[in-house]
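Listed in order, the protein sequences are those of chains A and B.
Counting from 28, one number per residue, gives the positions in the first sequence under the numbering used here.
Counting from 28, one number per residue, gives the positions in the second sequence under the numbering used here.
All residues carry an ideal CB built from backbone N, CA and C; glycine is no exception.
Step one of this worksheet: look at the structure below.
Number of protein chains: 2
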Amino acid sequence: MDPYPKPLKDLISQLRRLPGIGEKTAARLALFIIGDRENLAGDLSRSLSTVKDSIRLCSACFTLADAPRCPICSDPTRDPSIICVVEEPSDVLALESAHSYKGLYHVLHGLISPINGIGPEDIRLSELMERLSRREVSEVIVATNPSVEGEGTFHFIARLVEDAKLPVKVSRIASGIPMGGELKYMDQVTLASALRYRRNAKDR
Amino acid sequence: MDPYPKPLKDLISQLRRLPGIGEKTAARLALFIIGDRENLAGDLSRSLSTVKDSIRLCSACFTLADAPRCPICSDPTRDPSIICVVEEPSDVLALESAHSYKGLYHVLHGLISPINGIGPEDIRLSELMERLSRREVSEVIVATNPSVEGEGTFHFIARLVEDAKLPVKVSRIASGIPMGGELKYMDQVTLASALRYRRNAKDR
């Protein structure tokens with residue numbers, strides 16, 4: 028005898044599709060949603076359906092937007108001569124939270140990864156080159172994660188720009204010890220990178 | 028400049044209403060939902076809306092159901108002479124998972140708690156007494172949590188049954204050291220309770 032009514036079981040199995048949500052948490056969330064007197068089920072259902080219908084990708088930078096252009100690309104105060112290249116829309120949100128970058132973005136939606144069968148044509152690289160070919164951009168900052176794929180994609184972009192003989196500087200975000208981090212807990216690759224890319228004290 | 032499109036912000040704030048979901052987790056879940064290619068947003072939205080429209084309380088025991096009677100109350104193999112009284116529908120699910128109880132349930136939807144202004148009339152106690160008055164029940168097992176409110180509600184029910192002069196035995200689930208627990212980590216109240224309600228070795 029299964030004591031869960033079917034709609035509740037369905038909700039639990041849908042919630043289990045979310046990352047980090049196991050059987051017990053899904054059941055707890057479902058029971059909370061059912062017991063909520065302020066119509067959480069209705070509000071959440073409506074919000075999900077709106078997101079599904081209205082979220083698209085910005086036609087210029089391919090980050091998440093609810094209009095043809097995202098708020099960043101539509102902002103006349105942003106500097107269109109710098110493009111920061113990232114892997115995913117969440118990277119844009121992370122960088123924006125630092126409030127220190129005033130250029131535009133380009134979201135690749137993936138990284139080149141031969142081991143996973145993802146080649147340059149599977150990510151938004153041709154769209155990036157098309158943007159650069161309009162000659163309005165002076166620098167591309169490649170802010171992919173410091174992983175094998177992130178580094179590989181950086182080198183690939185640098186090579187593409189060089190081969191196309193575009194007057195564009197390609198740079199890479201710094202990698203090293205994070206602020207507040209401790210040397211004794213850092214892995215060898217991070218330490219080697221932090222040493223190799225050390226700054227001159229005279230540089231600001 | 029806020030980089031989140033409004034529908035995404037809305038979804039994040041709805042997800043934050045769930046227990047144990049903070050700002051970062053809500054953002055992570057929302058981005059996962061948007062990025063999911065198997066229509067998680069649509070499925071979850073539909074499931075929430077179905078739950079909202081179809082889940083009701085069983086007219087007999089007040090646990091969650093998608094029909095006038097829950098599967099347990101509709102099951103002819105369950106013993107209608109025993110009623111297990113619990114605080115919430117999730118307690119029914121927990122007890123059912125033990126596969127050792129074959130009677131029916133009664134969900135109070137709360138516990139008597141004078142400090143929170145919850146009196147006997149605010150929970151499903153009159154409905155319990157009405158079920159008992161039909162003289163089909165021989166035992167009521169009060170399985171509320173072993174808390175101040177749970178114990179108080181147990182004593183209140185025992186008194187009600189006594190005052191109504193019903194031929195019903197009122198019992199209380201055992202409290203003590205949980206299986207696999209260690210005495211050295213138990214609180215004093217649990218230890219005192221485990222000693223007080225010790226079993227005779229001759230009892231099975």
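Beta-carbon neighbours of residue i, restricted to chain A and to distances below 7 Å
{"i": "residue 59 of chain B", "result": "45, 46"}
{"i": "residue 191 of chain B", "result": "The contacting residues do not exist; residue 191 of chain B stays about 29 Å from chain A at best."}
{"i": "residue 152 of chain B", "result": "Simply none; closest approach about 19 Å."}
{"i": "residue 131 of chain B", "result": "Within chain A, no residue comes near residue 131 of chain B; the closest Cβ sits about 12 Å away, beyond 7 Å."}
{"i": "residue 155 of chain B", "result": "Here the premise fails: no neighbours, minimum Cβ distance about 19 Å."}
Beta-carbon separation (whole angstroms), residue i vs residue j, contact threshold 8 Å
{"i": "residue 185 of chain B", "j": "residue 203 of chain B", "result": "Contact doesn't hold; Cβ gap of about 20 Å is too wide."}
{"i": "residue 41 of chain A", "j": "residue 91 of chain B", "result": "Not confirmed; about 17 Å, so no contact."}
{"i": "residue 61 of chain A", "j": "residue 82 of chain B", "result": "6 Å"}
{"i": "residue 159 of chain A", "j": "residue 195 of chain A", "result": "6 Å"}
{"i": "residue 75 of chain B", "j": "residue 38 of chain A", "result": "7 Å"}
{"i": "residue 105 of chain B", "j": "residue 129 of chain B", "result": "6 Å"}
Beta-carbon proximity of residue i to residue j, cut-off 8 Å
{"i": "residue 150 of chain B", "j": "residue 131 of chain B", "result": "no"}
{"i": "residue 135 of chain B", "j": "residue 112 of chain B", "result": "yes"}
{"i": "residue 35 of chain B", "j": "residue 57 of chain B", "result": "yes"}
{"i": "residue 163 of chain A", "j": "residue 103 of chain A", "result": "no"}
{"i": "residue 133 of chain A", "j": "residue 89 of chain A", "result": "yes"}
{"i": "residue 93 of chain A", "j": "residue 79 of chain B", "result": "no"}
{"i": "residue 96 of chain A", "j": "residue 87 of chain A", "result": "yes"}
{"i": "residue 55 of chain A", "j": "residue 67 of chain B", "result": "no"}
{"i": "residue 146 of chain B", "j": "residue 114 of chain B", "result": "no"}
{"i": "residue 140 of chain A", "j": "residue 176 of chain A", "result": "yes"}
{"i": "residue 59 of chain B", "j": "residue 116 of chain A", "result": "no"}
{"i": "residue 187 of chain B", "j": "residue 156 of chain B", "result": "yes"}
Where residue i meets chain B, residues with beta-carbon distance less than 7 Å
{"i": "residue 70 of chain A", "result": "41"}
{"i": "residue 86 of chain A", "result": "Near residue 86 of chain A there are no residues of chain B at all, since even the closest Cβ is about 14 Å away, more than 7 Å."}
{"i": "residue 74 of chain A", "result": "37, 38, 41"}
{"i": "residue 67 of chain A", "result": "44"}
{"i": "residue 81 of chain A", "result": "34"}
{"i": "residue 116 of chain A", "result": "58"}
{"i": "residue 138 of chain A", "result": "Chain B residues near residue 138 of chain A: none, gap ~15 Å exceeds 7 Å."}
{"i": "residue 212 of chain A", "result": "By Cβ distance, chain B contributes nothing, its closest Cβ being about 22 Å from residue 212 of chain A, past 7 Å."}
{"i": "residue 218 of chain A", "result": "Correct list: empty, because the minimum Cβ distance to chain B is about 28 Å."}
Residues that residue i contacts on chain B, provided the C-beta gap is smaller than 8 Å
{"i": "residue 112 of chain A", "result": "None at all; the shortest Cβ gap to chain B is about 16 Å."}
{"i": "residue 224 of chain A", "result": "What residue 224 of chain A touches in chain B: nothing, since even the nearest Cβ is about 28 Å away."}
Exposure of residue i, with buried meaning 16 or more beta-carbon neighbours within 10 Å
{"i": "residue 207 of chain A", "result": "exposed"}
{"i": "residue 197 of chain A", "result": "buried"}
{"i": "residue 211 of chain B", "result": "exposed"}
{"i": "residue 191 of chain A", "result": "exposed"}
{"i": "residue 215 of chain A", "result": "exposed"}
{"i": "residue 64 of chain A", "result": "exposed"}
{"i": "residue 142 of chain A", "result": "exposed"}
{"i": "residue 98 of chain A", "result": "buried"}
{"i": "residue 170 of chain A", "result": "buried"}
{"i": "residue 31 of chain A", "result": "buried"}
{"i": "residue 229 of chain A", "result": "exposed"}
{"i": "residue 28 of chain B", "result": "Confidence in residue 28 of chain B is poor, its pLDDT being 49 and thus under 50, which makes the residue's placement unreliable; the coordinate value appears in the next sentence. Classification of residue 28 of chain B: exposed, given that the 10 Å Cβ count is below 16."}
{"i": "residue 225 of chain A", "result": "exposed"}
Chain-ordered neighbours of residue i on chain A, where CB pairs are closer than 8 Å
{"i": "residue 78 of chain B", "result": "34, 35, 37, 38, 57, 60, 61, 68"}
{"i": "residue 135 of chain B", "result": "Per Cβ cutoff of 8 Å: no residues; residue 135 of chain B is ~14 Å from chain A at best."}
{"i": "residue 128 of chain B", "result": "None at all; the shortest Cβ gap to chain A is about 11 Å."}
{"i": "residue 159 of chain B", "result": "The contacting residues do not exist; residue 159 of chain B stays about 22 Å from chain A at best."}
**Item:** Residue ranges of each beta strand (DSSP E) within the region 90-166 of chain A, 3 or longer
**Value:** 106-113, 130-134
**Asked** Closer than 9 Å, Cβ to any Cβ of chain C: which residues of the region 90-103 of chain A, in chain order?
**Response** The structure shown contains no chain C; its protein chains are A and B.
**Request:** Within the region 159-212 of chain A, note down every full beta strand (DSSP E) run reaching 3 residues or more, in order along the chain.
**Result:** 166-169, 196-199
**Request:** List in chain order: all unbroken alpha helix (DSSP H) runs of 4+ residues lying wholly within the region 34-83 of chain A.
**Result:** 50-62, 67-81
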